[in-house]
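Colleague: Take a look at the following structure, please.
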């Protein structure tokens, strides 16, 4: 079983629209994982039927037992996250600031502090309209530990793939280069980088690829909105060649992306012309690269 | 006054709004813009100024002192992140897992885990006309944005007094880096697109702002594309839509070249004026 991760560094480059198109093209042969848990939008295009849902617990937050607490303030003095402050003369934990390190609980002279496991979101398993299973999640707003939720989503998707004999897992990653992205990349077999020919697109592509390179994963790139700036598109192309990244395709700037999304469709369902052809060709190319690597 | 520009969804125009609004406001006021999207900082691509300051940014992690260690294993028991582990007769520290809580170091009876600094990123300050601009970037390979965001906020706090209007470009999403970036703001401007993705992520962002009890307004970008659902939603929820930035391919092209929009597109400048008026008129708040 192989795992393809789609990431972009920069947000809004069309990553989810493209991943959802691949999910349709892959059909019953794949399992889909939406690891952009902060902004898990893919379900809007794949319209999955919910099969199971469960709460996801990860990390801790300190809770002070008022009956035991002496209000001595030792906890506040050791906290490095400004998470314990005086509120109306009582030392109080801000669960938003608390990182769950437990230092306060360990030094409390009367054992008044306990660490409570945090419900940080929900994990869903659904069946999509493309006849495949999709694992997705919703991080509770403001929650910590999105990296752990990403890892869990991937783990579930892989397990479903193994149990049902599917060859591919396709993962929609999150923007940035931090913990959720690192978590998306770990264990991946191939990375699809979605970028756009803007100064930001190129800048962010370079940073995220530097990260991909540390994982020694081979990568291909789709330049979306390629005609918006031919100069930067050329610079991206040079960068791809220099770094041995396969240039999968160029997609034109096209408001069909938005029009399709507005009626809950992927590009390959909405457009029966150029965009669909380009995406289908890219998908076939990715599958070909993966099967070659296997040999 | 501190204003953070945030969005649930990435790529909705946070950087476009932050940079244009900052330069626009700086024509009249003392403004400092800080890029808190430390994972992928882009504001600096649009603001061309003279660098006036640069510093490496550090986070603290424990370092094992073999000679002092008694191998009691308390450090491993204390660490909730599995960042310190006793393996045989060695203690290993995994810096990428460490949250710098200092517990292992300060609770070590043998003082065998003194805290040391490691570099996590870089902060640069620029002057572009009347605008001060702070660019803060995480080193590739560092996973935690929050400590750098916190230190960058502290830097701005120390170096710019209340006579400055402070703008912050936040990271996308609704998780811990966004919380840190918006926590101390007097006003949050949520920028979105009038699309199903835009609406979905806007709702999450609004939920987060309500939980933080933040004062917030919405700016709709690429107005004219997609559908009316975002506007309708804001109306129903009694949320102020402060401005509607036009959907115009020329804006995308200017952006692609790293250029500011408002000097070229009057309709865009007009919308910036609405935002600027709102900010400067805001009752009970002073720049």
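Chains as they are written, first to last, in my numbering: chain A, 113 to 407; chain B, 842 to 1128.
Each residue gets a CB set at the ideal place from its N, CA and C atoms; glycine is no exception.
#1: Look at the alpha carbon of residue 1128 (chain B) and the alpha carbon of residue 1121 (chain B), and state the distance between them as a whole number of angstroms.
#2: Name, going along the chain, the residues of the region 882-904 of chain B whose beta-carbon falls closer than 7 Å to a beta-carbon of chain A.
#3: Is DSSP giving residue 1005 (chain B) helix, strand or coil here?
#4: Could you name the residues of chain A that residue 1096 (chain B) contacts, counting a contact when the two beta carbons are closer than 7 Å?
#5: By the 10 Å Cβ neighbour count, where 16 or more other Cβ atoms means buried, how is residue 894 (chain B) classified, buried or exposed?
#6: Look up residue 883 (chain B) in the DSSP assignment and say whether it is helix, strand or coil.
#7: Can you tell me whether residue 1092 (chain B) is buried or exposed? The criterion is at least 16 other CB atoms within 10 Å of its CB, across all chains shown.
#8: Find the residues of chain B that neighbour residue 370 (chain A), judging by a C-beta separation of less than 7 Å, and give them in chain order.
#9: Check distances from the C-beta atoms of the region 998-1018 of chain B to those of chain A and list, in chain order, the residues that come in under 9 Å.
#10: Any beta carbon of chain A sitting closer than 8 Å to that of residue 1111 (chain B)?
#11: Are the beta-carbon atoms belonging to residue 903 (chain B) and residue 288 (chain A) less than 8 Å from one another?
#12: Taking Cβ-Cβ distances below 9 Å as the criterion, which residues of the region 287-307 of chain A are in contact with chain B?
#13: I'd like to confirm the pairing. Which residues does DSSP put opposite residue 282 (chain A) in its beta bridges?
#14: For a test of the three-state rule: what should DSSP assign to residue 993 (chain B), helix, strand or coil?
#15: Spatial neighbours of residue 1038 (chain B) within its chain, please: C-beta separation below 7 Å, excluding the five flanking residues on both sides.
#16: Suppose the cutoff is 7 Å on Cβ atoms and the five residues either side in sequence are ignored; what does the same chain contact list for residue 366 (chain A) look like?
#17: Could you tell me whether the Cβ atoms of residue 143 (chain A) and residue 285 (chain A) are closer together than 8 Å?
#18: For residue 1045 (chain B), would you say it is in contact with chain A, using Cβ-to-Cβ distances shorter than 8 Å as the test?
#19: At the 8 Å Cβ level, is residue 962 (chain B) part of the contact set with chain A, yes or no?
#20: Whole angstroms is fine: what's the gap from residue 225 (chain A)'s alpha carbon to residue 897 (chain B)'s?
#21: Within 10 angstroms of the Cβ of residue 230 (chain A), are there 16 or more other Cβ atoms? Answer buried if so, exposed if not.
#22: Does the Cβ-Cβ distance between residue 379 (chain A) and residue 368 (chain A) come in under 8 Å?
#23: With DSSP run on the structure shown, which of helix, strand or coil describes residue 892 (chain B)?
#24: According to DSSP, is residue 259 (chain A) helix, strand or coil?
#25: Which residues, in chain order, does the region 907-928 of chain B contribute to contact with chain A at a C-beta distance below 7 Å?
#26: Quick check for students: name the residue ranges of the alpha helix (DSSP H) that lie wholly in the region 319-373 of chain A, counting only runs of 4 or more.
#27: State buried or exposed for residue 1083 (chain B), treating a residue as buried only when at least 16 other CB atoms are found within 10 Å of its CB.
#28: Buried or exposed: which applies to residue 1020 (chain B), given that a residue is buried once 16 or more other Cβ atoms fall within 10 Å of its Cβ?
#29: Do you know offhand how far residue 430 (chain A)'s Cα is from residue 1097 (chain B)'s?
#30: Starting from the beta carbon of residue 262 (chain A), find every residue of chain B whose beta carbon is closer than 9 Å, and list them in chain order.
Modeller: Reading it off the structure:
#1: Locating residue 1128 (chain B) in the second chain gives position 287, counting from the first residue. Locating residue 1121 (chain B) in the second chain gives position 280, counting from the first residue. Confidence at residue 1128 (chain B) is low in this model, with a pLDDT of 48, below 50, so the placement of that residue should be treated as unreliable; the coordinate-derived value is given next. Whole-angstrom Cα-Cα distance: 8 Å.
#2: 883, 886
#3: Within the second chain, residue 1005 (chain B) is the residue found at index 164, counting from 1. Coil at residue 1005 (chain B), not helix or strand.
#4: Here the question's residue 1096 (chain B) lines up with position 255 in the second chain. 310, listed in chain order.
#5: For this step, residue 894 (chain B) is matched to residue 53 along the second chain. Per the 10 Å Cβ criterion, exposed.
#6: By 1-based counting over the second chain, the position of residue 883 (chain B) is 42. Coil, per DSSP.
#7: Sequence index remark: in the second chain, residue 1092 (chain B) carries index 251 (1-based). Buried.
#8: Taking the first chain and counting its residues from 1, one reaches residue 370 (chain A) at position 258. Going along chain B in sequence order, the residues near residue 370 (chain A) (Cβ under 7 Å) are 1036, 1066, 1067.
#9: 1012, 1013, 1014, 1015, 1016, 1017, 1018
#10: On the second chain, residue 1111 (chain B) is found 270 positions in, with the first residue counted as 1. It does not; no Cβ of chain A falls within 8 Å.
#11: Counting from one through the second chain, the residue named residue 903 (chain B) turns up at place 62. Counting from one through the first chain, the residue named residue 288 (chain A) turns up at place 176. Result no, Cβ atoms of residue 903 (chain B) and residue 288 (chain A) do not sit closer than 8 Å.
#12: 287, 288, 289, 290, 291, 292, 293, 294, 295
#13: Numbered from 1 along the first chain, position 170 holds the residue referred to as residue 282 (chain A). According to DSSP, residue 282 (chain A) bridges with A:116, A:144.
#14: The residue you call residue 993 (chain B) lines up with position 152 of the second chain. Looking at residue 993 (chain B) - three-state DSSP - the assignment turns out to be helix.
#15: As a working mapping, residue 1038 (chain B) is identified with position 197 in the second chain. These residues qualify, in order along the chain: 850.
#16: As a working mapping, residue 366 (chain A) is identified with position 254 in the first chain. Within the same chain, residue 366 (chain A) has close Cβ partners 387.
#17: Position 31 of the first chain holds residue 143 (chain A). Position 173 of the first chain holds residue 285 (chain A). No, the pair does not count as a contact, with Cβ atoms beyond the cut-off.
#18: In the second chain, residue 1045 (chain B) corresponds to position 204, counting from 1. Chain A contact via Cβ: present.
#19: The residue you call residue 962 (chain B) lines up with position 121 of the second chain. No, residue 962 (chain B) does not count as interfacial toward chain A.
#20: On the first chain, residue 225 (chain A) is found 113 positions in, with the first residue counted as 1. On the second chain, residue 897 (chain B) is found 56 positions in, with the first residue counted as 1. Answer to the nearest angstrom: the Cα atoms are 36 Å apart.
#21: Here residue 230 (chain A) is taken as the residue at index 118 of the first chain, counted from 1. That one is buried.
#22: As a first step, residue 379 (chain A) must be located in the first chain, where it is residue number 267. As a first step, residue 368 (chain A) must be located in the first chain, where it is residue number 256. Cβ distance < 8 Å, so residue 379 (chain A) and residue 368 (chain A) count as in contact.
#23: Taking the second chain and counting its residues from 1, the one referred to as residue 892 (chain B) is at position 51. Three-state DSSP puts residue 892 (chain B) in a strand.
#24: Position 147 of the first chain, counted from the first residue, corresponds to residue 259 (chain A). Of the three classes helix, strand and coil, the one that applies to residue 259 (chain A) here is helix, per DSSP.
#25: 919, 921
#26: 342-354
#27: In the second chain, residue 1083 (chain B) corresponds to position 242, counting from 1. Buried, since its Cβ has 16 or more Cβ neighbours within 10 Å.
#28: Walking along the second chain from the start, residue 1020 (chain B) turns up at place 179. So residue 1020 (chain B) ends up on the buried side.
#29: The question about residue 430 (chain A) has no answer here: the residues shown for chain A are numbered 113 through 407.
#30: Within the first chain, residue 262 (chain A) is the residue found at index 150, counting from 1. Per Cβ cutoff of 9 Å: no residues; residue 262 (chain A) is ~11 Å from chain B at best.
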